[in-house]
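What follows is one structure encoded as structure tokens, with my remarks underneath.
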Amino acid sequence: MSGQTRVSILGATGSVGESALSVIASGGPDAPEFQVVALTANTNVEALAAAAIATRAEVAVIADESRYGVLKSLLAGTGIEAAAGQEAVSASASRPADVVVAGIVGIAGLPPTLQAVRQGARVALANKESMVCAGPLLRAEATRSGAIFLPIDSEHNAIFQVLDRPARVEKLILTSSGGPFRSASLAEMAAVTPERAVAHPNFAMGAKISIDSATMMNKGLELIEAAYLFDTPVERIEVLIHPQQIIHSLVAYDDGSVLAQLGLPDMRTPISYALAWPDRMPLPGMERLDLAKIGRLDFAPPDTDRFPALRLARTAVSAGGGGPIVLNGANEIAVAAFLQRRIGFLTIAQVAGEVLDEFLGGASAACVPASFDDVYETDRWARRRTIEKLRLAA
Ligand code: NDP
Numbered sequence: 003m004s005g006q007t008r009v010s011i012l013g014a015t016g017s018v019g020e021s022a023l024s025v026i027a028s029g030g031p032d033a034p035e036f037q038v039v040a041l042t043a044n045t046n047v048e049a050l051a052a053a054a055i056a057t058r059a060e061v062a063v064i065a066d067e068s069r070y071g072v073l074k075s076l077l078a079g080t081g082i083e084a085a086a087g088q089e090a091v092s093a094s095a096s097r098p099a100d101v102v103v104a105g106i107v108g109i110a111g112l113p114p115t116l117q118a119v120r121q122g123a124r125v126a127l128a129n130k131e132s133m134v135c136a137g138p139l140l141r142a143e144a145t146r147s148g149a150i151f152l153p154i155d156s157e158h159n160a161i162f163q164v165l166d167r168p169a170r171v172e173k174l175i176l177t178s179s180g181g182p183f184r185s186a187s188l189a190e191m192a193a194v195t196p197e198r199a200v201a202h203p204n205f206a207m208g209a210k211i212s213i214d215s216a217t218m219m220n221k222g223l224e225l226i227e228a229a230y231l232f233d234t235p236v237e238r239i240e241v242l243i244h245p246q247q248i249i250h251s252l253v254a255y256d257d258g259s260v261l262a263q264l265g266l267p268d269m270r271t272p273i274s275y276a277l278a279w280p281d282r283m284p285l286p287g288m289e290r291l292d293l294a295k296i297g298r299l300d301f302a303p304p305d306t307d308r309f310p311a312l313r314l315a316r317t318a319v320s321a322g323g324g325g326p327i328v329l330n331g332a333n334e335i336a337v338a339a340f341l342q343r344r345i346g347f348l349t350i351a352q353v354a355g356e357v358l359d360e361f362l363g364g365a366s367a368a369c370v371p372a373s374f375d376d377v378y379e380t381d382r383w384a385r386r387r388t389i390e391k392l393r394l395a396a
């Protein structure tokens, strides 16, 4: 690879953002040369400033405007620009870059991801919620601008790596660890605490995706993400429980071949793939996969009675309108309420299902969102109804 790769990281202080920074820092003579353009965070101003100084970023942006003064003083004398506010986060995604890592969590990531798409960058997409809520609109924007989506969600990255003949695909198979409650009874799940639910067996991730993994809403959101990203009907996407998380996903072709991508569960691999694409880059210090040591790989079908989120995701995307936006918005509110100990674990999927049912039974269910404003309006409705149903005080 020749020349510098200009890269921005949205959500640089999160789990994905930190992994992206570590890939960039891994260096080595065969690695691409990276120039960091913009780094953004929500409130963690110290980590943001430290990362900006370490990478000599052009600009550091904090979404929380009350932290602007601290950011400015931490960056004083470095020559790094400081900015604050949600608009500034989105504006930073418009700065010319070859790759923009979309690593913000939740629908909050949609406006800056859209700006990255509009500038025609390669979008290294972790922020699945933006694809879930606005997949068809984002893809249409990408067609106009020439932007390319490079998924870094490990399952979609795996599919992207082995999807060489899209016209011959019979089905996509998304693997799932099953989360920390794979074998738990409903009674056990009813009693779990946020601390137990965030403890994922194979990955250390942000709090929201950890809870989503425990309810399997994460796999539901991934199902919708895959349907939009790979333009594949949801009936042709399966979910397979695979506790070891060595096979990251599979593509079945119509000649009987099934292609899979394997690796240890470590986000640096899919992130490096997206950063170096269409090449690959070496990750010298990383542990290598030793299948003889692992010995066995297990598989099982998912249990949608204990994990209804998977069923809800299929229903939401099959309906063809704003269902995925509603499911996502209701889930974001419910997960936050669970983390604040205001609702129980099983209530997350239950309330998301109730709000989705209400939406799908109403007049606007069949309307396909025609604009990003439609997306935000549907999202606001879902959040409001979830708050009302859960009787959460503001
Ligand atoms: P984290 O919670 O660890 O990090 C989220 C990042 O987004 C932080 O930098 C945070 O800033 C920033 N942020 C949060 N809210 C806002 C906001 N309102 N405006 C601007 N910035 C905001 O999440 P993860 O890294 O775990 O996940 C990020 C995304 O990647 C999610 O969509 C997740 O589903 C997806 N993903 C994550 C994987 C993982 O291994 N973690 C794997 C695959 C996908 P601050 O630190 O200041 O709060």
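Each residue of the sequence shown is one higher than the one before, counting from 3 in this note's numbering.
Where is the CB? At the ideal position from N, CA and C, for every residue including glycine.
This structure is a prediction, so every number in the text was calculated from the model and none was measured.
- Take the alpha-carbon of A278 and the one of G148: they are about 18 Å apart.
- For K221, the number of other beta carbons within 10 angstroms of its own is at least 16, and it is reported as buried.
- Distance from A104 to L12 at the Cβ level is roughly 5 Å; contact confirmed, criterion being Cβ atoms closer than 8 Å.
- Closest in C-alpha terms to A128, from the list P310, R270, A201 and G30, comes R270.
- Approximately 4 Å separates the beta-carbon atoms of Q247 and P267; this is inside 8 Å, confirming the contact.
- When secondary structure is reduced to three states using DSSP, A43 falls in the strand class.
- When the Cα atoms are used, T306 and A216 turn out to be separated by approximately 13 Å.
- Secondary structure at Q163: helix, using DSSP grouped into helix, strand and coil.
- Counting along the chain, the unbroken alpha helix (DSSP H) around E227 starts and ends at M219 to L231.
- Straight-line spacing of the CA atoms in A62 and L41 works out to 5 Å.
- Going by C-alpha positions, S212 is about 21 Å away from I175.
- As summarised for the segment 237-261, the continuous beta strand (DSSP E) elements at least 3 residues long and confined to that stretch are 239-243 and 249-255, given in chain order.
- A straight line joining the alpha-carbon of I150 with that of R141 spans about 9 Å.
- If you compare the alpha carbons of R282, M191, A254 and A228 with that of P310, the shortest gap goes to M191.
- Remark: the C-beta of G19 is in contact range of ligand 1, defined as less than 8 Å to any heavy atom.
- Of the other Cβ atoms in all chains shown, 16 or more fall within 10 Å of the Cβ of D155; this residue is therefore buried.
- S96 places its beta carbon less than 9 Å from that of R120.
- Restricted to the segment 280-315, the alpha helix (DSSP H) segments that are unbroken, complete and at least 4 residues in length are 293-296, listed in chain order.
- Between ligand 1 and the CB of G111, the shortest heavy atom gap is smaller than 8 Å.
- One thing to note: T380 has its Cβ within 9 Å of the Cβ of G324.
- If you check the CB distance, L358 and V241 do not come in under 9 Å.
- Note that the segment 8-27 touches the segment 194-208; at least 3 beta-carbon pairs, one per stretch, sit closer than 8 Å.
- In its chain, beyond the 5 residues on either side, V101, V103, L152, I154 and A276 have a beta carbon closer than 6 Å to the beta carbon of A126.
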